[in-house]
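Trainee:
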Amino acid sequence: MLEPLRQGLPPLNLAAASDAASCALHARYEAVREARQFTRGTLDQWHLGDRFDDVCLVVSELVTNALRHALPANTSHLAAPEPPVRLHLMRWTERLVCAVRDPSDEGPVTREPEDLSEDCSAESGRGLFLVDSFSDSWGWHPLAGALSGKVVWALFRLPRP
66 MLEPLRQGLP PLNLAAASDA ASCALHARYE AVREARQFTR GTLDQWHLGD RFDDVCLVVS
126 ELVTNALRHA LPANTSHLAA PEPPVRLHLM RWTERLVCAV RDPSDEGPVT REPEDLSEDC
186 SAESGRGLFL VDSFSDSWGW HPLAGALSGK VVWALFRLPR P
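In this text, residue positions in the sequence shown follow our numbering: the first is 66, and each later residue adds one.
So this is what it looks like as structure tokens:
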């Protein structure tokens, strides 16, 4: 059910996005809280505050995974000159996409559902399962060109206006 998805974002015309916002996140513990606050403000501005709970949970998981698994071991948890993680929120008429860019070329790794049920006390390993459960679809793709790393994204369908 949760095999890693090495696929691109479903066809979206980026030029047709009605709204887009992004936030740079430094490698520090406060980054997840900052991502949630940014998401809250952006969704409120777009009049999508009713979707905050699901979207915020997914944003929290994607940012946590980027900070925990995608940064080089020597990345300082203090302010670095160039923030290594970036959160992008993009809205179309009937879709919202949350995308987290990080410097790792390694794709996200999911745990099998039976592994999750065997170890109920585990404090980690459920993030992508939650992303899969709360979003309509998700995936990842490597960055091309001068940028290295990857983007992990989650798509939410929005009701017709």
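Glycine is no exception: its CB is placed at the ideal position from the N, C-alpha and C atoms.
Note that the structure is predicted; figures quoted are calculated from it, not measured.
When DSSP builds the beta bridges, which residues end up paired with S202?
Mentor: L220
Trainee: When burial is assigned at 16 or more other CB atoms within 10 Å of the CB, is E126 buried or exposed?
Mentor: buried
Trainee: So which of S213, F103, H91 and A96 has the shortest CA-CA distance to M155?
Mentor: F103
Trainee: Which residues does DSSP pair with G154 in a beta bridge?
Mentor: Note on residue identity: the sequence assigns Leu, not Gly, to residue 154. Paired residues: A86 and C163.
Trainee: With a threshold of 16 other CB atoms inside 10 Å of the CB of S213, please say whether the residue is buried or exposed.
Mentor: exposed
Trainee: Using DSSP bridges, identify the partner residues of P207.
Mentor: K215
Trainee: Of the choices R101, T107, V216 and V196, whose alpha-carbon is the least far from that of W168?
Mentor: Looking at the sequence provided, one finds Pro at residue 168 rather than Trp. Of the candidates R101, T107, V216 and V196, the one whose C-alpha sits nearest the C-alpha of P168 is V216.
Trainee: Here's the rule: buried if 16 or more other CB atoms are within 10 angstroms of the residue's CB, otherwise exposed. What is R166?
Mentor: buried
Trainee: Is it true that the CB of D201 sits closer than 8 Å to the CB of R222?
Mentor: yes
Trainee: If we ignore side chains and look at the alpha-carbon of each, how far apart do A86 and A219 end up?
Mentor: Between the C-alpha atoms of A86 and A219 there is a straight-line separation of about 15 Å.
Trainee: Return the CA-CA distance between S83 and H112, expressed in angstroms with no decimal places.
Mentor: 13 Å
Trainee: Comparing C-alpha positions only, which one of D109, Q110, A135 and R105 sits nearest to V124?
Mentor: R105
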